[in-house]
Every structure is written in structure tokens, then in C-alpha cells.
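A short worksheet on the structure shown next.
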Amino acid sequence: MTDPSRLPSDVDLEKASAARCYDYYLGGSHNFEVDRELARKVESRVPHVKPLAQDNRAFLRRAVRYCLRQGIRQFLDIGSGIPTVGNVHEIAQELDPEARVLYVDNEPVAVAHSRTILEGNDRADVVQADLAEIDGILGSEQAARLLDPEQPIAVMMVALFHFVPHSARPAEILRSYHEWMAPGSFLGFSHVTSDHHPELLQSIIDLYADSSNPVTSRSHDEIRELLADFELVDPGLVYVPEWRPDTEEDRWQDPARSLVYGALGHKV
Amino acid sequence: MNDTSSEARGSTPEESAVVPERDSRVAEFARGWARVVIGTSYVPMGRPELWEFLEERTERLLRALAADSFDAGNVNELAADLVRVHLVDPLALRRTLELLGSRLPGLARELGLVHGDTAERMNELLASFGEGFAAAVKRRVLADQDLVQRAVRDARDGAEEALRASEARFRAVFNSSALGIAIVGLDGLVQEVNESMGTIFRTDASELLGCHVLELCDPEYRESFRDEQDALLAEVYERFMVEVPFTTDDETLVWTQVSGALVRDADGEPEYQVVLYADITDLRLLNERLNTQATTDPLTGLANRTRLNTGMDKALAPGAGGRRVGICYFDLDGFKTINDSLGHPIGDELLRSVALRMKEVAEQRGALAARMGGDEFVLLVPDTDGPGGMVPLVERTLEEVRRPVRIGGHELKASASAGVVEQPVAGTDAQLLLREADITLYRAKEEGKAQWVLYDAERNSAARRRFELSATMPAALDNNEFFVEYHPVRSLDDDHVVAVHAEPRWDHPDLGELAPERFVELAENTGMITRLSDWLLRQVCEHARGWLRGLGERAPVVAVDLSGRYFRDPDLVNDFRSILADSGVTADRLRLGVPEDALFDEVGDPVDTVDIVREFGAGLAVRDFGSHYTDTRRLRELPVTSVHIAGDYLARIAEWPESDPLDEHLADSVINAARLLGMSVVAGGVDTRRQAERLREKGVHAVRGRHAGEPFSAGEVEQVLADSLEGSG
Ligand SMILES: C[S@@+](CC[C@H](N)C(=O)[O-])C[C@H]1O[C@@H](n2cnc3c(N)ncnc32)[C@H](O)[C@@H]1O
């Protein structure tokens with residue numbers, strides 16, 4: 001006899017997970033055959049999915065570095081995924097070993113993975129929670145230890161919200177985080193779209209429909225609306241290759257083919 | 001990824017010492033290298049950092065190419081560096097080998113590092129590089145796979161741990177909860193219960209095992225319980241909630257609130273139900289008590305308006321075969337007088353006894369008796385079969401009310417009036433019914449009290465108009481819709497105006513100007529007469545003061561008619577005193593006209609106000625003298641200075657000598673009686689000179705009416721007086 005409402009979320013290896021597929025696109029090996037199978041299918045329809053995922057990850061890096069340059073020293077990375085390469089704490093602590101990072105993901109394997117990686121690092125930790133459980137996240141022992149709500153923070157929600165369906169009320173979730181963030185804080189945000197290449201995104205949506213993380217596409221306007229509470233750092237909400245590229249060579253001929261919009265919000 | 005990219009990019013100090021200055025051609029080569037590997041996998045650095053990283057590697061490769069002896073280990077390491085910065089894709093290796101094979105020797109030559117043939121060294125170099133890369137990737141994949149496997153194990157352990165914890169938590173809740181918890185199979189049999197279940201059902205918890213959940217509820221509730229449960233099992237609802245009673249072996253009634261939810265197995269198939277029981281017996285008792293309090297009239301214990309409304313809603317619900325409904329609105333006659341004369345406690349006692357009797361009658365007939373407030377009661381009779389059926393009930397009730405009541409030494413005889421409405425429920429509503437019954441009651445009172453009247457659409461609407469008129473009177477007074485008009489009283493001796501007679505009038509916004517006959521009686525019925533009379537006296541005194549100021553002693557005496565009800569009102573004295581004080585007018589400027597019967601109480605003694613008015617010094621006039629055939633003798637005792645007579649017979653005597661001898665006689669006897677009492681006689685309604693002459697002959701002193709002059713407003717009095725002097729002069 002078990003209390004039905006308290007069953008922990010399943011560790012289901014029968015289903016591909018977004019986190020592990022993403023790891024595959026980045027070239028990681030923290031994935032299983034089911035994940036690779038889905039990832040390869042995606043690759044056959046969207047041949048540039050690897051560069052696409054890598055560019056999203058590069059956006060995360062550039063956004064984190066931007067925040068570091070603005071003096072931010074604490075990070076809350078939600079939907080952090082499998083800690084494959086170029087994790088936020090690595091980027092941040094490379095510059096300032098004192099920088100603190102809290103990871104959040106709802107996927108148990110990704111969390112267990114992160115926990116292993118972070119062993120011995122007393123300025124970074126992970127919480128398993130759904131993005132919407134904002135009180136649970138911010139009220140966790142880890143958050144109490146690592147984050148100072150009085151200080152500006154960078155909250156990273158990169159490649160996360162397209163896994164949040166409309167029914168989960170994404171705008172309300174964002175508003176709650178906005179409320180909690182100290183003035184001067186940043187929000188790193190990226191999101192897939194079918195604005196310019198609907199056929200490409202549609203195949204991704206179709207393929208992910210049966211995974212643990214179905215995908216919801218949003219338009220530029222919809223995403224801008226989600227971020228309405230924030231001021232956007234230049235150049236605003238753009239395809240990720242266009243967001244402050246490191247060199248001119250990093251630009252894409254057709255940035256829209258990246259399928260991902262990115263923006264860095266600023267709470268003033 | 002265990003190592004940070006900064007580590008991987010690091011180069012040893014000796015190496016940097018060997019190549020102090022970086023040649024731009026090396027940088028150029030590194031950029032090309034970066035270009036071909038970028039995008040094969042994610043490298044956690046910006047392009048410039050990768051350039052820098054590859055420049056260093058290019059330099060080391062150049063040195064390896066140029067070295068005297070080939071160091072395979074060094075090249076292995078170098079390739080492994082690439083894997084460390086996460087250049088891991090086979091494509092990256094292939095492109096790197098192609099680039100190195102085709103361009104590295106040329107670069108080395110350009111830089112002057114090598115001169116001869118490099119083919120053999122290049123082969124060694126590329127082989128070592130590939131070998132190093134492959135080995136590093138293999139290590140990395142193994143490590144990563146190991147890591148992710150461990151993560152899965154950890155996550156699973158965590159999940160199981162959480163499951164165990166959650167089960168332990170559930171156990172704790174199960175055992176310690178004050179709620180009764182039952183695990184019930186899909187067949188409805190109780191499989192497991194906690195201790196609280198035993199407490200709730202006043203038995204040993206183990207006794208409950210194996211019994212059917214429906215047995216935990218009284219038989220008459222089982223059906224609805226079963227319906228709920230079936231809906232749950234059919235997965236129509238997620239959970240159900242019912243309130244059911246259970247009578248224990250020792251006849252204790254236990255009310256339980258029961259909620260159930262379905263638990264599914266891993267495949268989502270229903271497995272069992274968890275049913276929670278809360279003992280809500282006390283809560284229900286409390287609720288019932290509160291409910292009774294909220295729906296009972298505290299004085300009489302009858303239903304109050306709230307309960308009446310609920311009863312009406314039920315009685316008015318449309319039903320098969322055209323339902324009908326009956327309403328009786330009762331009101332005690334003269335209850336205010338009883339309250340005023342005997343005091344509230346006695347009045348309350350009377351209400352209680354009357355209510356009790358009504359309740360008995362009502363309950364015998366399946367009707368609901370309610371108190372509306374004050375001395376008003378309502379009987380609600382559901383499902384009547386026509387107005388006729390109401391009659392016995394109403395008569396019986398009125399009879400019961402009339403039966404004398406003994407209260408603390410008094411034997412009281414009350415009576416009531418009733419308005420009865422009986423109608424089909426279709427086309428009416430509770431508000432409408434009560435209003436019609438109320439108006440019908442109003443008619444019953446108008447028509448003489450102590451009786452009942454049946455609803456009649458036409459009469460009700462006439463009554464309603466009167467009712468509405470009386471209802472708007474207070475607001476009309478506030479809005480100054482009333483004004484005073486004066487009628488001259490002309491002496492028949494010298495034809496002078498000797499007094500003025502004040503008359504209230506209502507300038508009604510919809511109905512036009514209304515004479516006092518239209519509203520004074522209404523005001524008496526509703527009690528508005530007090531305010532109206534007050535207002536009239538105040539106006540009159542106000543005007544009288546003005547006249548005194550302007551005319552001095554020539555100012556006329558003012559006659560004001562007071563209603564009998566007002567005159568008997570004990571508050572009159574105080575009101576009168578304050579009105580006089582406010583205006584500064586002395587009472588002798590006023591003559592108060594009072595109906596004859598208002599001067600005496602029930603046993604025929606003069607009422608107290610007579611003496612008081614005398615003390616003030618106001619004159620008293622008897623109105624409608626002679627119309628009551630009372631014992632006129634008793635007027636002798638009273639400070640009455642004049643009598644007013646009126647009536648059609650006074651008009652008819654003008655036709656003398658053709659007039660009716662009976663009219664002549666009546667006029668003579670009334671006038672003579674007054675003269676014998678030593679009172680002056682004023683006749684009203686005198687319109688012609690002829691009439692006036694006849695009355696003068698008979699001994700009348702003064703007249704009112706068209707012959708005396710047209711009515712005028714307060715401001716015109718001076719003019720009227722002047723005209724009167726002129727006319728006579
Ligand atoms: C594509 S990965 C993104 C990883 C990283 N943020 C990046 O962009 O490089 C998305 C991650 O979001 C996680 N995720 C999806 N829905 C989530 C939710 N509702 N709450 C928390 N994490 C969620 C998934 O488990 C997955 O690890």
C-alpha cells in the first residue's frame with residue numbers, strides 16, 4: 001500500500017530524454033541507445049541539429065560571461081540538463097572561484113549526474129525540482145547555502161521553456177521568479193521557434209512528442225511577451241548566433257536556421 | 001568534462017620558452033584548423049580561445065615534426081588535449097588529420113623549421129595523433145558512460161529511497177491520523193483500517209475488516225453512497241465525497257463525512273480505494289442548532305422570514321398537475337394599544353400565546369406558521385385545492401386568536417384581521433404572493449377589522465393605490481409636497497372675517513393637488529397622522545406668528561382640525577408644547593377642532609389632553625357636532641367654546657319654505673343644543689347668501705364655505721382681512 005500522490009517520478013530509461021539527446025548533439029556520451037536513436041532521427045530530418053544545439057550552448061556561455069562581466073557572482077541554472085561540457089559553474093568559477101551556482105532539473109538522472117560531478121565543490125550544488133516549484137527551489141537547503149536573494153543573480157533558463165506547455169502557465173512562473181530576483185539581476189533565456197523554418201521545427205516537435213519532454217514552439221512575439229517584465233540587453237531577442245557573437249566568423253549565413261531565439265533579460 | 005578547459009589549454013613553462021614569439025602564419029594555420037573542427041561537437045570556449053589553444057598545439061606539432069627524435073607520447077598527449085576540450089567527434093579527428101597531413105609540412109618549411117623530406121615523420125606523427133585521440137575518446141566515453149550509469153543507479157536508488165520514505169510517511173499518517181482511513185478493495189470490502197476507524201464507529205477497529213463499506217452507513221443512505229462509489233469505480237470521478245449517518249449497536253447516531261479516491265497500479269489500472277472517514281456528528285449538531293436559530297423567531301418560536309422563504313420556494317416549485325398555494329397574512333387588531341397601555345412584557349406574552357395557537361392550527365393542516373415581525377403572522381399552505389379550502393383554516397385561526405388569553409391577572413381578548421390569497425403556483429412568486437396577501441390584509445383592516453378578506457384583483461389594486469399613497473407620504477413630507485391653505489370664517493353678525501380655518505393639502509407630483517379627504521384617513525391608518533399633524537401645527541404657528549407681527553391684534557384666530565387619533569396621542573402634549581415654544585405664539589391664537597368622540601375615553605371620561613389643552617389656553621371646537629347622537633350633555637363639562645356643524649341638510653334648508661321639515665328640525669335641534677351649551681356655532685359648506693341668511697335666522701354665528709370667501713394662502717391674509725372690512729363697511 002502506497003500513498004498514490006507521493007510516488008516519486010520514474011526513472012524511465014525506455015523513453016528518450018531531452019537532456020541526454022542534447023548531450024548527444026553536443027558530442028557527449030552521457031546517453032543511451034534510446035536517446036541516440038531519437039537523436040539520429042532528428043539529425044536525419046534536421047542535419048544541422050548538432051551545430052544548432054552547440055550554438056544554444058554557446059549562447060549560454062556568452063550570456064553567463066556577460067553576467068560575470070557585470071559583476072554577477074551567483075547563478076541559478078534551471079533546466080541545467082546533463083552536465084556535459086561547459087557548465088555554468090565551470091564558466092563562472094574559471095573567472096572567480098568564489099562564484100556560486102545552483103543547478104535545478106526535474107530529470108532524476110541528470111540530477112544524480114550533476115551531484116556526482118559537483119562532489120567536493122562546495123560552491124555549487126543541484127536540486128531536483130520542477131521549474132514551477134519555485135518555493136521548493138528557493139526554500140531548499142542548497143539555495144539557502146549558496147544564494148543570497150538580496151544580491152543580484154543570474155537566472156539561466158536556457159532551452160527550457162519550450163518544454164513548458166501553455167497549460168503550465170509559463171508567464172506566471174516567470175513573473176514569480178521576476179518578483180523574487182533582486183534588482184540588477186539577469187535572466188538568460190532561449191527558446192525554439194517555428195517562425196522562419198516551421199518544417200524543420202515541426203519534425204523536431206513530432207519526434208519529441210513521445211519523449212519525456214514534448215516540445216512547444218513559440219513565436220517571437222509570444223516569447224517577448226513572456227519576458228515582458230524584463231528589459232532586454234542589446235541586441236534583444238534574436239536568433240542565438242546573432243546574440244553578441246565572439247567573432248564575425250561565428251555568425252550564420254541564415255541565423256534563422258538555428259531555430260532558437262535567445263535573450264538576456266535585465267531586472268532594473 | 002571533469003577537467004576544466006583552462007587546465008586543458010595550459011602549456012608548460014619550458015615549452016613557451018622555446019618559441020617566444022608566435023608567427024602570424026602559425027595563427028593563420030590555427031584559425032583554419034578551428035574552422036574545420038568547430039561544429040563537430042560543443043567546445044566550451046569562444047572562438048578566439050580555441051584559436052589560442054590550437055596555436056599552441058600547432059607549435060607543439062611543428063616542434064614534434066622538426067625534432068631530432070620523434071616523441072610519440074608527446075603527440076599522443078597533444079591529441080588527448082583536443083579530447084579534453086571536448087573536440088571528440090571522429091569528424092574532428094578526420095578533418096584534423098587531413099589538415100595536418102596537407103598543410104603542416106608546408107608551414108614548417110615556410111617557417112624554416114624543416115628542410116628535407118618530412119613524409120616519414122609525418123606518417124608517424126599522424127598515426128600517433130590518431131592513436132592518442134582514439135584512446136582519449138575511448139577513455140572519455142567509458143568514463144562518461146560509467147558516470148551516467150552511476151547517475152541512473154543513484155537516481156533509481158533515490159527513487160526507491162523516496163518510495164520507502166513515502167511509504168513510511170504514509171504509514172505514520174495512517175496510524176496517527178484522527179481521520180478514519182480504510183483501504184477498500186474494488187469489491188467494496190474493507191481490507192485494512194486504522195485505529196481511528198474503530199473510534200469513529202464505536203467498536204474495535206478489527207471488527208470492521210471484511211465488512212462492506214456500505215454497511216458503514218444507515219440503510220436509507222446506502223443507495224446514494226453506492227452511486228457515488230460506482231461513479232468512482234467507473235472512473236467518472238477522481239474522488240467522491242458524501243455525508244452519511246451510521247447508527248451503532250447502542251443506537252448512537254454517528255454522522256460521517258466520507259471521501260474516497262481510487263489508487264492505480266503501475267499500469268494505471270485501478271487497484272483499490274482509499275476511503276477517509278471524518279466524524280462530523282458534533283459539527284452537524286452545531287450546524288443544526290445554528291440553522292434552527294437562524295430560521296426561528298426568537299420570541300414566539302415560529303418560523304422566521306428566512307424559513308418562510310425556504311418554505312415558499314418549496315411550495316412554489318412547479319409540480320405535476322398544476323400546483324396551487326395559499327397564503328394568509330394575519331395582523332392583530334389594536335395590538336399597539338395593548339402594548340402601550342399594558343406594557344411590552346404583556347404584549348410579548350400575548351404574541352407568544354397567539355403564535356402558539358396559530359402554530360397548532362397550522363400544523364394540523366400541514367401549513368407553516370411564521371412571524372413576519374411585530375404583530376404580523378403568515379400561514380403558508382402548500383398544495384391547496386382552491387380558495388374555498390382556505391376558509392376553514394382561516395376561520396379556525398381567527399377563532400383561536402379571539403379566545404381570551406389570561407396573562408398575569410389580565411384577561412385579554414385579542415382579535416386579528418387576515419388577508420387570504422390562494423392561487424396556482426404558475427405565474428406567481430414568493431414576493432408577489434406576500435405583497436398581495438399584505439394588501440388584502442390592508443383591505444380587511446380598512447373594511448372594519450376582526451375579519452378576513454379574500455384576494456380580489458380589482459379591489460386589491462384600488463387598495464394598493466391607497467396603500468402606495470400612504471407609503472409615499474413620509475417622503476412627500478420631506479420633499480415639501482404639502483402646504484397649508486386657509487379658508488375664511490365669516491361672522492354672520494357683521495360679515496367680518498373672524499377667523500381662518502387651516503387645511504393641509506398635498507401637491508402630489510403624479511396625482512395633482514389632493515384635498516385632505518384623500519389622505520388624512522390614510523395617514524390615520526398608517527400612523528403617519530402624528531407626523532402630518534405635527535407638521536400642520538408647526539406651519540400654522542409659523543404663519544400665525546407672521547400675522548401677529550404684521551397685523552398685531554387684528555391677526556385672525558386660526559382653527560385647525562386634529563384627527564381623533566392624534567388628539568388622543570399622549571405625545572401630543574409634548575409636541576404641542578415644543579411647537580408653541582418654537583414659534584413663540586400663544587395657544588389662545590389657536591382653536592383646535594376635534595371629533596366629538598375623541599374627547600372621551602372608552603368608559604366615557606374626558607381624555608387627559610382636554611385638560612392640558614385647556615391649561616395651555618387653546619380653544620377647543622367640536623367637529624361634526626350632532627352626527628354621533630351621543631349624550632351631548634357631557635360636553636357641558638368641557639372647555640369647548642364652539643361647535644362645527646356640516647352636512648347636506650344644512651344646504652337644503654335654503655329652499656325654505658319648500659324645504660323638508662325634517663331637515664329644518666334637525667338643523668334647529670343641533671343649533672339649539674349648541675346654544676344651550678353656551679357655544680358658538682360655525683357652519684361649514686355654506687355656499688350661498690340665501691343659505692347663510694337661513695342659518696343666521698336659526699342662530700348660527702359664523703360660516704365657512706364659498707359664501708365666506710375663497711381659500712387663500714398664508715401671505716394673502718392681510719388682503720383678505722382688508723377686503724372683509726371694506727365689504728362690510
Ligand atoms: C535541452 S536541456 C537544456 C540544458 C541547458 N540549459 C542548456 O541549454 O545547455 C533542457 C533541460 O530542461 C529540463 N527540464 C525540462 N522541463 C523541465 C521542468 N519543467 N523543470 C525543470 N527542468 C526541466 C530537462 O530535463 C532538460 O535537462
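Residue numbers (UniProt numbering), protein chains in the order written: chain S, 1 to 268; chain D, 1 to 729.
In this text, a Cβ means the ideal position worked out from N, Cα and C, and glycines have one as well.
- The beta carbon of D:R464 lies closer than 7 Å to those of I439 in the same chain, with the five residues before and after it left out.
- For the pair S:R65 and S:W252, the Cα-to-Cα distance works out to about 21 Å.
- DSSP lists S:D77, S:V126 as the beta-bridge partner residues of S:Y103.
- Contact between D:P387 and D:L454 holds, since their C-beta atoms are separated by about 6 Å, short of 8 Å.
- Relative to ligand 1, even the nearest heavy atom lies 7 Å or more away from the CB of S:S217.
- Chain S places a beta carbon closer than 8 Å to that of D:P48, counting this residue as a contact.
- Cβ-Cβ distances below 6 Å link D:I200 to G180, Y277, D279 in the same chain, with the five nearest sequence neighbours on each side left out; the list follows chain order.
- The beta carbon of D:M679 is closer than 7 Å to those of V640, T641, S642, V643 in its chain, skipping five residues each way along the sequence.
- Taking non-hydrogen atoms of ligand 1 into account, the C-beta of S:G79 is found less than 7 Å away from one of them.
- Identification of chain D residues near S:R61 by a Cβ-Cβ cut-off of 7 Å yields P44, ordered along the chain.
- Distance between D:T292 and D:N304, taken at the CA atoms: about 10 Å.
- For the stretch 85–108 of chain S, residues whose beta-carbon sits nearer than 7 Å to a beta-carbon of chain D comprise V85, G86, E90, E94, P108.
- Along the UniProt domain "GGDEF" (323–457) of chain D, the beta strand (DSSP E) occurs as fully enclosed runs of 3 or more residues at 324–332, 368–373, 376–382, 405–407, 410–412, 416–424, 452–454, listed in sequence order.
- In terms of Cα proximity to D:Q149, the closest of S:E179, S:L138, S:G120, S:A110 is S:A110.
- Not one heavy atom of ligand 1 falls within 7 Å of the beta-carbon of D:L100.
- Distances from the alpha-carbon of D:L351 to those of D:E363, D:K314, D:H665, D:K336 put D:K336 closest.
- When DSSP assignments are scanned along the stretch 616–670 of chain D, the uninterrupted stretches of alpha helix (DSSP H) that are 4 or more residues long and fall wholly within it turn out to be 648–652.
- In the DSSP annotation of this structure, the continuous segment of the beta strand (DSSP E) that includes D:M241 starts and ends at 239–247.
- In its own chain, leaving out the 5 sequence neighbours on each side, no residue places its CB closer than 6 Å to the CB of D:G550.
- The beta-carbon of D:R94 is placed no less than 8 Å from the nearest beta-carbon of chain S.
- Your pair S:V155 and S:A129 does not check out as a contact, with CB atoms roughly 14 Å apart and the cut at 8 Å.
- Using a cutoff of 7 Å, the CB of S:R65 does not count as near ligand 1, since none of the ligand's heavy atoms is closer than that.
- Under the DSSP assignment, S:S44 falls in the alpha helix (DSSP H) whose first and last residues are 33–45.
- The beta carbon of D:Q364 sits no closer than 8 Å to any beta carbon of chain S.
- D:S461 carries a helical assignment under DSSP once its states are collapsed to helix, strand and coil.
- A residue is called buried when at least 16 other Cβ atoms come within 10 angstroms of its Cβ; D:S128 meets this threshold and is buried.
- In this structure, DSSP gives S:H178 a helical state, which the three-state scheme calls helix.
- In the DSSP annotation of this structure, the continuous segment of the beta strand (DSSP E) that includes D:H487 starts and ends at 482–491.
- When only Cα atoms are considered, S:A209 and D:A430 end up about 59 Å apart.
- Not one heavy atom of ligand 1 lies closer than 7 Å to the C-beta of D:N123.
- In terms of CA proximity to S:T216, S:S194 leads the group S:K41, S:R175, S:S194, S:G27.
- Just measuring C-alpha positions, the residue of D:P661, D:R289, D:T256 sitting nearest D:V275 is D:T256.
- At a Cβ-Cβ threshold of 8 Å, D:A151 and S:A112 count as neighbours.
- Contact with chain D is absent for S:H178, since none of that chain's Cβ atoms lies less than 8 Å from the residue's Cβ.
- For D:R150, the neighbours in chain S by C-beta distance under 7 Å run, in chain order, T116.
- Against chain S, a Cβ distance below 7 Å from D:V88 picks out G27.
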